Amino acid sequence: MPEATDNEFDALASRLTDPSMPTPEAADTATGAAAARRGRALMLKQYGSESALEEAMRRSGRPRVGTAPKGASPTVRARISEAEFDAFTRLGEESGRSQSELVREAIHRLLVEHKLVS
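For what it's worth, my numbering labels the leading residue of the sequence shown as 288, then goes sequentially.
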């Protein structure tokens, strides 16, 4: 499916926010347990089997960093100057890497330099 253009998004936004446009009646809505059953059926159709669906639901959330099997990964926070942050942001954009990836690499390089890890 091709990506929508800015003009197409603008036209859609205009239609959706125009008070003179009629709002269609809701068709075949479900709530409560009926909605839950429909949602599960949709997910089952997507995943193909109960076991595949259960596996997908079990591994939800962010992937772990490191070797520990469960729990939150340790987090490091720091403040840096605006100039460093601007350069850091540019590096991420130019390299196509996330801030997390860059921070993990920087920490690993620092620890290797100090011979604390290999």
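Each residue gets a CB set at the ideal place from its N, CA and C atoms; glycine is no exception.
No experiment lies behind these values; they were computed from the predicted model shown.
{"Query": "For Thr376 and Ala313, the rounded distance between their alpha carbons", "Result": "44 Å"}
{"Query": "Distance, Glu341 Cα to Gln333 Cα", "Result": "12 Å"}
{"Query": "Residue of Arg345, Met344, Val363 minimising C-alpha distance to Val352", "Result": "Val363"}
{"Query": "CA nearest to the CA of Arg366, picked from Val390, Gly335, Met308, Ala339", "Result": "Val390"}
{"Query": "Cβ shell of His395 (< 8 Å), same chain only, five flanking positions each side left out", "Result": "Val404"}
{"Query": "Spatial distance of Ala343 from Arg327 (CA atoms)", "Result": "13 Å"}
{"Query": "Collapsed DSSP secondary structure at Val399 in the structure displayed", "Result": "helix"}
{"Query": "Per-residue DSSP class, three states only, for Val352", "Result": "coil"}
{"Query": "Helix, strand or coil at Lys357 according to DSSP, with G and I counted as helix", "Result": "coil"}
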